[in-house]
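Residue numbers (our numbering): 52 to 212.
Glycine included, every Cβ here is placed at the ideal spot set by N, Cα and C.
The structure presented is a predicted model; accordingly, all values stated were derived computationally and were not measured.
Step one of this worksheet: look at the structure below.
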Amino acid sequence: MGNSFTNINVHLIFHTKSQGSTMREEDLPRIFRYIGGVIRTMSGCAFIVGGRPDHIHVLTTLPVQITLADFVRDLKSNTTKWIKGIDSCYKDFAWQNGYGAFSVSESNKDSVVQYIEGQKEHHQKHTAQEEFCKFLKKHGYSVEDIHWWTVNAKRQNQSVD
Numbered sequence: 052m053g054n055s056f057t058n059i060n061v062h063l064i065f066h067t068k069s070q071g072s073t074m075r076e077e078d079l080p081r082i083f084r085y086i087g088g089v090i091r092t093m094s095g096c097a098f099i100v101g102g103r104p105d106h107i108h109v110l111t112t113l114p115v116q117i118t119l120a121d122f123v124r125d126l127k128s129n130t131t132k133w134i135k136g137i138d139s140c141y142k143d144f145a146w147q148n149g150y151g152a153f154s155v156s157e158s159n160k161d162s163v164v165q166y167i168e169g170q171k172e173h174h175q176k177h178t179a180q181e182e183f184c185k186f187l188k189k190h191g192y193s194v195e196d197i198h199w200w201t202v203n204a205k206r207q208n209q210s211v212d
């Protein structure tokens, strides 16, 4: 067999670095489209990009020729540079270190798409931090792992660069 075939669907979640580094609500649709375009240039397929001013959700395929870590690094790096060019209010924009990446079966893609589409309503009841802790629990992380993430997320949000 001379070709490689994969079908690796990933739900990515990553957060802005600090409270002062959030995205404006009116810029979100444009940012989501740009992220989808970056994924296409990396030979991935973005099924949906969504989120809120302080975090992003992406349901995408993982391209065959790139590792997950490199894919997310390149995606975050590229979008950071682009977002900084939108307006001077984004001069200090940055994503937090790290990310969440959760595998999604073909049979579960539609429910993840619906979940991402419902972010605005969902976050009227839950913070991004509560949501991420819920994802960690759902995917088998321990209470200690979640506590470590929570403490470090708070530290990053308090830091001034």
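- In the DSSP assignment, N60 falls within the unbroken beta strand (DSSP E) covering 60-66.
- T130 sits buried, since 16 or more C-beta atoms from the chains shown fall within 10 Å of its C-beta.
- Cβ neighbours of Q170 within its own chain (closer than 7 Å, five residues either side excluded): G101, G102, R103, H108.
- Within the stretch 64-137, the complete beta strand (DSSP E) segments of 3 residues or longer fall at 97-103, 106-112, listed in chain order.
- According to DSSP, residue pairing for V155 in a beta bridge involves N60.
- Within the same chain, and ignoring the five residues on either side of I86 in sequence, the residues whose Cβ sits closer than 8 Å to its Cβ are A97, V100, I107, V109, L126, T130.
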